[in-house]
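Working notes, beginning with the structure itself.
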Amino acid sequence: MGRSKLIASTNRKPKKRVRLAKPPGRPRSVAPQLEPGAPSDLDLMRGIQAEDPDALSQLYDRYNGILKALILRVIHNEAEADDLLQEIFMEIWNQAKNFSAQKGKPLGWMVTLARRRAIDGLRKKQAYARAEERLQNETEQQPDAWVHNATEEEIVLSDTRALIQKVIRGLPPAQQQAIA
């Protein structure tokens, strides 16, 4: 692009931004539509805080799909996602007393919990993979002399040597010199 065209293009008025209309019928939130007469999320959290297992069951039925989808976006493993989802609902049960309606909605609290646990799980998995790789690299780099299996007799001799040295170090200096 020539210099004159570049200068001319910078002198133009910015184009108007066009907002795309949201498709009709698409819900604005991820929260499922509640049936008439169904308890609200806040009511269910209060029930869980009062240790009502039925409230936890209803909350699970309502949100397990959403939370599992969130977990799968992080860890990409169906079995691990199922395990993590179970752990999250156990944590919801055990930590319900920490939920405060003044700080946010139950779904936000659960999504935050799920996201954090999924990321923690991913980090743990990656750390394990790195440790396993390091171990394999170290094993491959060790000389064969390091890898040999010690016999029981060698182990006993080594332990005996260590014990004798420990006892000698406990003696007065004059006796240590006499033995050496």
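Counting from 902, one number per residue, gives the positions in the sequence shown under the working numbering. Yeah, the Cβ is synthetic: ideal placement off N, Cα and C, and Gly gets one too. Please read these numbers as outputs of a predicted model, since none were measured by experiment.
According to DSSP, is residue i helix, strand or coil?
{"i": "Gly1005", "result": "coil"}
{"i": "Phe1000", "result": "coil"}
{"i": "Gly948", "result": "helix"}
{"i": "Ala939", "result": "coil"}
{"i": "Leu1064", "result": "helix"}
{"i": "Pro1074", "result": "helix"}
{"i": "Thr1052", "result": "coil"}
{"i": "Gln934", "result": "coil"}
{"i": "Ala1015", "result": "helix"}
{"i": "Ala1081", "result": "coil"}
{"i": "Leu907", "result": "Here Leu907 scores only 49 on pLDDT, less than 50, and its place in the model should not be relied on; the value that follows carries that caveat. DSSP places Leu907 in helix when its eight states are reduced to three."}
{"i": "Ile993", "result": "helix"}
{"i": "Ile1069", "result": "helix"}
Return the CA-CA distance between residue i and residue j, expressed in angstroms with no decimal places.
{"i": "Gly948", "j": "Leu957", "result": "8 angstroms"}
{"i": "Ile888", "j": "Arg1018", "result": "Given a span of 902 to 1081 for the chain in the structure shown, any question on residue 888 remains unanswerable."}
{"i": "Ser1059", "j": "Asn1038", "result": "28 angstroms"}
{"i": "Gln1003", "j": "Tyr1029", "result": "39 angstroms"}
{"i": "Gln1077", "j": "Asp1021", "result": "55 angstroms"}
{"i": "Asp944", "j": "Arg1035", "result": "50 angstroms"}
{"i": "Glu1033", "j": "Lys1025", "result": "12 angstroms"}
{"i": "Asp955", "j": "Gln1042", "result": "57 angstroms"}
{"i": "Ser1001", "j": "Val1012", "result": "15 angstroms"}
{"i": "Ala939", "j": "Pro933", "result": "12 angstroms"}
{"i": "Leu971", "j": "Gln1027", "result": "19 angstroms"}
{"i": "Leu1072", "j": "Thr1061", "result": "17 angstroms"}
{"i": "Glu1053", "j": "Ala1063", "result": "15 angstroms"}
{"i": "Lys1067", "j": "Asn978", "result": "53 angstroms"}
{"i": "Pro1074", "j": "Thr1040", "result": "42 angstroms"}
{"i": "Gln996", "j": "Lys969", "result": "19 angstroms"}
{"i": "Arg1016", "j": "Ile1065", "result": "56 angstroms"}
{"i": "Arg1031", "j": "Tyr961", "result": "35 angstroms"}
Compare the Cα-Cα distances from residue i to each of the options and report the closest residue.
{"i": "Trp994", "options": "Asp983, Glu979, Leu1014 and Ile976", "result": "Leu1014"}
{"i": "Lys1006", "options": "Pro937, Gln1076, Glu936 and Asp942", "result": "Asp942"}
{"i": "Gly1009", "options": "Glu1053, Met946 and Pro1073", "result": "Met946"}
{"i": "Met991", "options": "Gln1066, Gln950 and Pro937", "result": "Gln950"}
{"i": "Glu952", "options": "Lys998, Leu935 and Pro933", "result": "Lys998"}
{"i": "Arg963", "options": "Asn978, Arg1016 and Glu936", "result": "Glu936"}
Contact defined as beta carbons within less than 8 angstroms: I believe residue i pairs with residue j. What is the distance between those atoms, to the nearest angstrom?
{"i": "Ile976", "j": "Leu1023", "result": "5 angstroms"}
{"i": "Ile1069", "j": "Ile1056", "result": "Not a contact, Cβ separation roughly 21 angstroms."}
{"i": "Leu973", "j": "Ala980", "result": "Contact flag wrong, Cβ pair sits at about 11 angstroms."}
{"i": "Asn965", "j": "Leu986", "result": "6 angstroms"}
Contiguous alpha helix (DSSP H) assignments of at least 4 residues, all confined to the stretch 944-988:
Counting only runs of 4+ residues, the alpha helix (DSSP H) found wholly inside the stretch 944-988 occupies 954-976, in chain order.
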